[in-house]
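**Student:**
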Amino acid sequence: MSKKHCYYLLINDLVILAVVAYSLFTFGVQGGYDPVFHMGRIHTLATNIASGNFPNPIGFEYLNGLGYGVGFFYGNFFLYPFALLNLLGLSRYNCYLLFICCTLIAAMAAINYAVQQLFHCDWATIIAGPLYLSSYYYIGVVYLRAAAGEMLALAIMPLALLALFKVLHGEQHYWYILAISFAMLLVAHVLSFLILVGTAMLLTLFNFRHWWLHKHILWSLCKSALLFAGLTMAFLLPFLEQYTAQKYISTTMNPGENIYSIVSDVLYLNQLFDLRQIWNLNGGLFFILTIVALILNLYYWKTNTNEIIAQATGVILICSLILVSPIVLRAVVKVFRPLVLLQVITRINVVLLPLCVIVIVFAFAQLIEHWQSFQGISEFGLLLVISLITILFPIKQNLAAMQLCRAQVPNEYNISRGEYEPQDFFNYNLQQKSKVTPSWLARQEGYTIRANNHHYALIQLNHPTTAKTIMLPRLYYRGYHVQAGNQQLPVTRKNGLVAVNLTTKHHFKTLKVSYQPTLLAIIGGWISMLSFVGLAINLLMKKFKISQVQKNDIP
Numbered sequence: 001m002s003k004k005h006c007y008y009l010l011i012n013d014l015v016i017l018a019v020v021a022y023s024l025f026t027f028g029v030q031g032g033y034d035p036v037f038h039m040g041r042i043h044t045l046a047t048n049i050a051s052g053n054f055p056n057p058i059g060f061e062y063l064n065g066l067g068y069g070v071g072f073f074y075g076n077f078f079l080y081p082f083a084l085l086n087l088l089g090l091s092r093y094n095c096y097l098l099f100i101c102c103t104l105i106a107a108m109a110a111i112n113y114a115v116q117q118l119f120h121c122d123w124a125t126i127i128a129g130p131l132y133l134s135s136y137y138y139i140g141v142v143y144l145r146a147a148a149g150e151m152l153a154l155a156i157m158p159l160a161l162l163a164l165f166k167v168l169h170g171e172q173h174y175w176y177i178l179a180i181s182f183a184m185l186l187v188a189h190v191l192s193f194l195i196l197v198g199t200a201m202l203l204t205l206f207n208f209r210h211w212w213l214h215k216h217i218l219w220s221l222c223k224s225a226l227l228f229a230g231l232t233m234a235f236l237l238p239f240l241e242q243y244t245a246q247k248y249i250s251t252t253m254n255p256g257e258n259i260y261s262i263v264s265d266v267l268y269l270n271q272l273f274d275l276r277q278i279w280n281l282n283g284g285l286f287f288i289l290t291i292v293a294l295i296l297n298l299y300y301w302k303t304n305t306n307e308i309i310a311q312a313t314g315v316i317l318i319c320s321l322i323l324v325s326p327i328v329l330r331a332v333v334k335v336f337r338p339l340v341l342l343q344v345i346t347r348i349n350v351v352l353l354p355l356c357v358i359v360i361v362f363a364f365a366q367l368i369e370h371w372q373s374f375q376g377i378s379e380f381g382l383l384l385v386i387s388l389i390t391i392l393f394p395i396k397q398n399l400a401a402m403q404l405c406r407a408q409v410p411n412e413y414n415i416s417r418g419e420y421e422p423q424d425f426f427n428y429n430l431q432q433k434s435k436v437t438p439s440w441l442a443r444q445e446g447y448t449i450r451a452n453n454h455h456y457a458l459i460q461l462n463h464p465t466t467a468k469t470i471m472l473p474r475l476y477y478r479g480y481h482v483q484a485g486n487q488q489l490p491v492t493r494k495n496g497l498v499a500v501n502l503t504t505k506h507h508f509k510t511l512k513v514s515y516q517p518t519l520l521a522i523i524g525g526w527i528s529m530l531s532f533v534g535l536a537i538n539l540l541m542k543k544f545k546i547s548q549v550q551k552n553d554i555p
């Protein structure tokens, strides 16, 4: 990239970052349960670290001290820096504000890098960032929902798509970027990871003949899959172990409905064809730019064939068809039931948005290059239009909608939409009119809680031991141990809580309940650590070999 174009890129990025971030620092974080939930995640990580209980996936403060295994199902990897800042004294609210700003910068850098590596076209890179961050959907994720998972996903997805395109087109050295980006997305946002997997399957199918004839592509994909598995075992094995331990609340259906929420969410639309899903999702300007870009790319196809653009367009058309036609959506759900896990179909925009940006910038970059005398003016005009529309429409509309819902620092730790809350505990708590707390359990079960902290719960039985099953003040997860003196008692489950079966043979008065990582979790941690070390050594050796070759080439 030339020096002049570097200046253009820097100015563009700074302007759009200022436009998008300005309202964060003036109006603050807007949103409902998402920011409250994620602020709670940051703080419970900080308190776990402060108490010396690390690593521990269970948030002690949730459910009034019963503990919630938030770390089993939501990767905490990207939240640890902000938890440390919270531990050092920065408020939860400001930590989350800083987190959002970091994701903005990361998303800008990711889309710029991806576009530059895909096309090696300065103008495409220059306009990519402003277009990406000014999307209605991106602004909605930041201001309307303040959703941490999707913000991270939108920062990682461009890198994953870049690596996927490169590997499928024979550039083997991108295999480790493919594995790392997929691993990062899994620990950042599981639903976005599933969307990426679906996209990868489509692109692999599009390139079937290519990788079937060139076996080195298949080998690169296999290496990526193995590295991905190794890097993610620390998260994936505990996730699967705890997910299969008991039944959790299903968020695929709205409460009181007998229809999947992904289908019920679009019942208000014209069932055959309705553009509102796309128009409202990314805004009129983005929609028009996408249509114009598709036409321009079709025109350029005669002189500049680009398989990446053709395949990106194919994925865009398939995703758009599912978005605009509820009939097609219902048909896809019948054929591929796991799609209901997305809860709302608009989530596929985490892959649709970066693909649309790739298609748009490729078309308009060629157009700008043809206007040799007006390149600077056209670039400035496009930036001005994007900035003004971003301020006047998506930001203004989102702030107006959420002005009365400014996120507050939570007084209690909520579970986002009840996701991954044990179904048995939810039903029991509902029957008891939400009274199930450690102190309530102590009264009901006949014991006194002597200590309840991040490390353990210590209880004293109030009455002589009788044959019964008592519920203890911890939500059930595999890995809990109950100790009576030097004796380990078999742990069972009752109403979604840790429980033990007492008999008349037991003559103890004190029980200690504590969590320890399971054998599977420990194995997963070691596999991930060894995979990371192996990757680091491999990359260092490659860099050393390259530097040696360069030295030998010098006369």
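Residue numbers are given in UniProt numbering: position 4 of the sequence shown equals residue 4, and the series is strictly consecutive.
Beta carbons: idealized from backbone N, C-alpha and C, even for Gly.
1) Decide if the region 162-182 is in contact with the region 143-151; the criterion is three or more beta carbon pairs, one per stretch, under 8 Å apart.
2) Would you list the one or two residues that DSSP bridges to residue 475?
3) When you compare only the Cα positions, how much space is there between residue 463 and residue 27?
4) Do you know whose CA, among 183, 20, 89 and 23, lies nearest residue 50's CA?
5) Does the Cβ-Cβ distance between residue 62 and residue 68 come in under 7 Å?
6) What is the rounded straight-line gap between the Cα of residue 207 and the Cα of residue 173?
7) From 273, 356, 178 and 221, pick the residue whose C-alpha is nearest to that of residue 138; which is it?
8) Between which two residues does the alpha helix (DSSP H) carrying residue 322 extend?
9) For the candidate residues 133, 121 and 153, whose alpha-carbon lies nearest to that of residue 15?
10) Below 8 Å, can you find three or more Cβ-Cβ pairs linking the region 245-262 to the region 191-207?
11) Who are the Cβ neighbours of residue 87 in its own chain at under 7 Å, not counting the five residues just before and after it?
12) Can you give the Cα-Cα distance for residue 314 and residue 531, rounded to whole angstroms?
13) Compute the Euclidean distance between the alpha carbons of residue 445 and residue 218, then round it to the nearest angstrom.
14) Indicate the three-state DSSP secondary structure (helix, strand or coil) for residue 220 in the structure shown.
15) So residue 239 and residue 72 are supposed to be a Cβ contact under 8 Å. How far apart are they, rounded?
16) Considering only the beta carbon of each residue, do residue 119 and residue 187 sit closer than 7 Å?
17) May I ask which residues mark the beginning and end of the beta strand (DSSP E) holding residue 342?
18) Go ahead and label residue 338 buried or exposed: buried means 16 or more other beta carbons lie within 10 angstroms of its beta carbon, across all protein chains shown.
19) Tell me whether residue 369 is buried or exposed, calling it buried when 16 or more other Cβ atoms sit within 10 Å of its Cβ.
20) Can you grab the Cα-Cα spacing for the pair residue 528 / residue 231, in whole Å?
21) Excluding the 5 residues flanking residue 56 on each side, which residues of the same chain have their C-beta closer than 8 Å to its C-beta?
22) Name the one or two DSSP bridge partners that residue 481 has.
23) Under the assumption that residue 42 contacts residue 92 (Cβ atoms under 8 Å), give the Cβ distance between them as a whole number of angstroms.
24) Just grab the DSSP bridge partners of residue 460 for me.
25) Taking the C-alpha atoms as reference points, what is the distance between residue 437 and residue 52?
26) The alpha helix (DSSP H) with residue 162 in it runs from where to where?
27) Mapping DSSP to helix, strand and coil, what is residue 88?
28) Identify which residue in 272, 3, 460 and 291 has its Cα closest to the Cα of residue 328.
29) Kindly indicate which three-state DSSP category residue 490 falls into: helix, strand or coil?
30) Could you name the residues of the same chain whose beta carbon sits closer than 7 Å to that of residue 330, not counting the 5 residues immediately before and after it, in chain order?
31) Considering residue 212, what are the terminal residues of the alpha helix (DSSP H) in which it resides?
32) Where do the ends of the alpha helix (DSSP H) carrying residue 26 lie?
33) Of all the options 510, 480 and 488, which has the alpha carbon lying nearest to the alpha carbon of residue 498?
34) Using a 10 Å radius around the Cβ and a threshold of 16 neighbouring Cβ atoms, would you call residue 216 buried or exposed?
35) Could you check if residue 112 is buried or exposed, using at least 16 other CB atoms within 10 Å of its CB as the buried criterion?
36) Could you have a look at residue 177 and say whether DSSP puts it in helix, strand or coil?
**Tutor:** Reading off the structure:
1) No, the region 162-182 does not touch the region 143-151.
2) On the sequence shown, position 475 is the one that residue 475 refers to. The partner list for residue 475 (beta bridge, DSSP) reads 497.
3) Translated into the one-based positions of the sequence shown, residue 463 becomes position 463. Translated into the one-based positions of the sequence shown, residue 27 becomes position 27. Taking C-alpha positions only, residue 463 is separated from residue 27 by approximately 56 Å.
4) Residue 50 sits at position 50 when you count from the first residue of the sequence shown. Distances from the CA of residue 50 to each of 183, 20, 89 and 23 were compared; the closest alpha carbon is that of 89.
5) Indexing the sequence shown from 1 puts residue 62 at position 62. Indexing the sequence shown from 1 puts residue 68 at position 68. Taking 7 Å as the Cβ cut-off, residue 62 and residue 68 qualify as a contacting pair.
6) Mapped onto the sequence shown, residue 207 falls at position 207. Mapped onto the sequence shown, residue 173 falls at position 173. The alpha-carbon atoms of residue 207 and residue 173 are separated by roughly 18 Å.
7) By 1-based counting over the sequence shown, the position of residue 138 is 138. Nearest Cα to residue 138 within the set 273, 356, 178 and 221: 356.
8) The residue labelled residue 322 in the question sits at position 322 within the sequence shown. Annotation: the continuous alpha helix (DSSP H) that includes residue 322 extends over 307-324.
9) For the purposes of this step, residue 15 is taken as residue 15 along the sequence shown, with counting starting at 1. For the set 133, 121 and 153, the Cα lying nearest the Cα of residue 15 is the one of 133.
10) At 8 Å Cβ cutoff, the stretches do not touch.
11) Looking up residue 87 in the sequence shown gives position 87. Residues of the same chain with a CB within less than 7 Å of the CB of residue 87, apart from the 5 flanking positions on each side, are 46, 49 and 50 in chain order.
12) Taking the first residue of the sequence shown as 1, we reach residue 314 at position 314. Taking the first residue of the sequence shown as 1, we reach residue 531 at position 531. Residue 314 and residue 531 have their C-alpha atoms some 35 Å from each other.
13) The count along the sequence shown starts at 1 and reaches residue 445 at position 445. The count along the sequence shown starts at 1 and reaches residue 218 at position 218. Approximately 59 Å, taken between the alpha carbons.
14) Here residue 220 corresponds to residue number 220 of the sequence shown, with the count starting at 1. Helix at residue 220.
15) Here the question's residue 239 lines up with position 239 in the sequence shown. Here the question's residue 72 lines up with position 72 in the sequence shown. Right, their Cβ atoms sit about 6 Å apart.
16) Position 119 of the sequence shown holds residue 119. Position 187 of the sequence shown holds residue 187. Between residue 119 and residue 187, the C-beta gap is not smaller than 7 Å, which leaves the two residues out of contact.
17) Position 342 of the sequence shown, counting from 1, holds the residue named residue 342. Segment: none, residue 342 is in no beta strand (DSSP E) and carries neither H nor E.
18) Working through the sequence shown from its first residue, we reach residue 338 at position 338. With a 10 Å radius around the Cβ and a threshold of 16 neighbouring Cβ atoms, residue 338 comes out exposed.
19) Along the sequence shown, read from residue 1 onward, the residue named residue 369 stands at position 369. Exposed.
20) As a position in the sequence shown, residue 528 is number 528, starting the count at 1. As a position in the sequence shown, residue 231 is number 231, starting the count at 1. Cα to Cα, residue 528 sits roughly 4 Å from residue 231.
21) Against the sequence shown, residue 56 aligns to sequence position 56. These residues qualify, in order along the chain: 48, 71, 454 and 515.
22) On the sequence shown, residue 481 is found 481 positions in, with the first residue counted as 1. The partner list for residue 481 (beta bridge, DSSP) reads 514.
23) For the purposes of this step, residue 42 is taken as the residue at position 42 of the sequence shown. For the purposes of this step, residue 92 is taken as the residue at position 92 of the sequence shown. Yes, residue 42 and residue 92 are in contact; Cβ-Cβ is about 6 Å, under 8 Å.
24) For the purposes of this step, residue 460 is taken as the residue at position 460 of the sequence shown. Answer is 448 and 510.
25) Working through the sequence shown from its first residue, we reach residue 437 at position 437. Working through the sequence shown from its first residue, we reach residue 52 at position 52. Rounded to whole angstroms, residue 437 and residue 52 show a C-alpha spacing of 25 Å.
26) Taking the sequence shown and counting its residues from 1, one reaches residue 162 at position 162. The continuous alpha helix (DSSP H) containing residue 162 extends over residues 148-168.
27) As a working note, residue 88 is residue 88 in the sequence shown. Reduced to three states, the DSSP call for residue 88 is coil.
28) Counting from 1 along the sequence shown, the entry for residue 328 is found at position 328. The shortest Cα separation from residue 328 among 272, 3, 460 and 291 belongs to 272.
29) On the sequence shown, position 490 is the one that residue 490 refers to. Coil.
30) Position 330 of the sequence shown, counted from the start, is the residue given in the question as residue 330. Cβ-Cβ distances below 7 Å link residue 330 to 263 in the same chain, with the five nearest sequence neighbours on each side left out; the list follows chain order.
31) Taking the sequence shown and counting its residues from 1, the one referred to as residue 212 is at position 212. 208-213 is the span of the alpha helix (DSSP H), which, as asked, contains residue 212.
32) Looking up residue 26 in the sequence shown gives position 26. Per DSSP, residue 26 belongs to the alpha helix (DSSP H) from 3-27.
33) As a position in the sequence shown, residue 498 is number 498, starting the count at 1. Among 510, 480 and 488, the Cα nearest to that of residue 498 belongs to 480.
34) Your numbering for residue 216 matches position 216 in the sequence shown. Result: exposed.
35) Stepping through the sequence shown from its first residue, residue 112 is reached at position 112. Counting Cβ neighbours within 10 Å, residue 112 comes out buried, since at least 16 surround it.
36) As a first step, residue 177 must be located in the sequence shown, where it is residue number 177. Helix at residue 177.
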